[in-house]
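Visitor:
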Ligand SMILES: Nc1nc2c(ncn2[C@@H]2O[C@H](COP(=O)(O)OP(=O)(O)OP(=O)(O)O)[C@@H](O)[C@H]2O)c(=O)[nH]1
Ligand SMILES: [Mg+2]
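In the numbering used here, the protein residues as written are -12 to 290.
1) Buried or exposed for residue 289, going by 16 or more other Cβ atoms inside 10 Å?
2) Please state if the CB of residue 76 and the CB of residue 93 are separated by a distance shorter than 7 Å.
3) Where does residue 127 fall in DSSP's three states?
4) Taking contact to mean 3 or more Cβ pairs, one atom from each stretch, closer than 8 Å, check whether the stretch 67 to 74 and the stretch 41 to 50 are in contact.
5) Just to confirm, does residue 97 get its C-beta within under 6 Å of one of the non-hydrogen atoms of ligand 1?
6) Which of the three DSSP states, helix, strand or coil, is assigned to residue 274?
7) Given a cut-off of 7 Å on the beta-carbon distance, is the pair residue 237 and residue 183 in contact?
8) Report the residue from 256, 279, 270 and 273 whose alpha carbon sits nearest the alpha carbon of residue 62.
9) What's the gap between the Cα of residue -12 and the Cα of residue 11?
10) How about residue 218 and residue 259: do their beta carbons lie closer than 7 Å?
11) Let me check you understand the geometry: is the CB of residue 57 closer than 6 Å to at least one non-hydrogen atom of ligand 2?
12) When the Cα atoms are used, what is the spatial distance from residue 175 to residue 100?
13) Residue range of the beta strand (DSSP E) that residue 117 falls in?
14) Compute the beta-carbon to beta-carbon distance between residue 272 and residue 247, rounded to the nearest angstrom, for a pair I have assumed lies under 8 Å.
15) Leaving out the 5 sequence neighbours to the left and right, which residues in its chain are closer than 6 Å to residue 125 when beta-carbon positions are compared?
16) Given that a residue counts as buried once 16 or more other Cβ atoms are within 10 Å of its Cβ, and exposed if not, what is residue 196?
17) Where do the ends of the alpha helix (DSSP H) carrying residue 14 lie?
18) Taking the straight line between their C-alpha atoms, what separation do you get for residue 323 and residue 274?
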């Protein structure tokens, strides 16, 4: 039958054992839970959110390296909340220097004309080692001293006699949550100077009792498993390592760090991408509410 020519050769007596299979890049179970099938309840939570005190507005300030995805995150949040792609905060990655130059407040429309969500986002110029937004300007923004439209000057910070300096910021002008935006794939290569600036801004925010959150963006570019399926984000071992490394570098605790995929080239929304964005937004809102409570308890003590 000619069978002997096709049978495998007998094993050589001293051949080494086959190498063990490579370890899986994934945990067997996700280490953080996201209700992937139910973005609706997270969306409803955000839609129902009202600050406990009437007339208060939550101000969320984004900062981070140039090209990190700050403007894209604002667009992504607005897209999720409005149910269609929005690109109000112009995003770009071609110049090498920060594309965003001005201090801009973004409100998000809600339902009826003239109605807005009770939280706003402030977009600023990116941080760079020897250029970009000055740490002192970010500190002024935290306290509410920077007026909308201020064009950041990378060589000198806003002075008290400038028309864009707000001498008497009110509760709503001050920042309630500071969000540090960093691309997941650049965490290990962040320049020491940029890390130092992020830590410096964070220290000021801590002194002002402003809670801090970090968003790790571009998770799709960080790992092929996540690019294929964003639902694997909390299963990819390297992603957790990256978050831990970032936490150690800048001092933000793990439970305040959120991996996010921003909308960048898509024309339609994706419910899993939405779920991750909403998960981070929900925490930002909750931390912000605590910050408003703290402000109020302070002012009660002073009166
Ligand atoms: N693949 C991918 N690309 C992203 C993501 N977020 C942002 N981008 C892209 O990254 C580039 C920079 O994004 P921006 O939102 O302009 O970044 P920025 O932090 O506002 O940058 P500056 O204003 O220049 O400081 C753009 O080309 C975005 O489309 C993401 O999650 N995934
Ligand atoms: Mg920008």
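Using N, Cα and C, we set each Cβ at its ideal position, and we do this for glycine too.
Guide: Straight from the coordinates:
1) With a pLDDT of only 49 at residue 289, under 50, the local geometry of the prediction cannot be trusted, and no value is derived from it.
2) yes
3) helix
4) no
5) no
6) helix
7) no
8) 256
9) With a pLDDT of 42 at residue -12, under the threshold of 50, the modelled position of that residue is not reliable, and no figure is offered here.
10) yes
11) yes
12) 45 Å
13) Per DSSP, residue 117 belongs to no beta strand (DSSP E) and is neither H nor E.
14) 15 Å between Cβ atoms; not a contact.
15) 50 and 188
16) exposed
17) Unbroken run through residue 14: none, as it is neither H nor E.
18) For residue 323 there is no data in the structure shown, the boundaries of the chain being -12 and 290.
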